[in-house]
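**Q** Numbering (the numbering used here), first residue to last: 5 to 99.
Cβ atoms here follow ideal geometry from the backbone N, Cα and C, with glycine treated the same way.
This is the structure, below, for whatever I ask next.
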């Protein structure tokens, strides 16, 4: 179970790095583009879980855990982006 937690944290860090690169590339402005990556990741995790339901072997449990980790990292990234947008809006930065 520790590997699932480490995998989730690792994917979250990679997504935050991508979000930061996009933020810097857009001239330090938050746009709607930053919300797309976490939503796609969340949907991808749900898709992996749905596909694992159709499997009839022990591998389905592993795929379901992978889907849960992907979905959790997407949700964490989405929450982080929302908090960042809120903080930048309160500080008077462009969003």
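1. Going by DSSP, what residue range makes up the alpha helix (DSSP H) through residue 55?
2. Drop a sphere of 10 angstroms on the beta-carbon of residue 61, count the other beta-carbons inside from all chains shown, and report buried for 16 or more, exposed for fewer.
3. Rounded to a whole number of angstroms, what is the C-alpha to C-alpha distance between residue 50 and residue 25?
4. Of the choices 30, 6, 7, 12, whose alpha-carbon is the least far from that of residue 79?
5. Please classify residue 106 as buried or exposed, where buried requires at least 16 neighbouring CB atoms within 10 angstroms.
6. For residue 15, which three-state DSSP category applies?
7. Is the distance from the Cβ of residue 41 to the Cβ of residue 57 below 9 Å?
**A** To lay it out plainly:
1. Per DSSP, residue 55 belongs to the alpha helix (DSSP H) from 37–58.
2. By the neighbour-count rule (16 or more Cβ atoms within 10 Å), residue 61 is not buried but exposed.
3. Approximately 26 Å between the Cα atoms of the pair.
4. Just measuring C-alpha positions, the residue of 30, 6, 7, 12 sitting nearest residue 79 is 12.
5. The structure shown does not extend to residue 106, since the chain is modelled only from 5 to 99, so the question has no answer here.
6. In the structure shown, residue 15 sits in a helix (DSSP, three-state: H, G or I).
7. Going by C-beta atoms, residue 41 is not nearer than 9 Å to residue 57.
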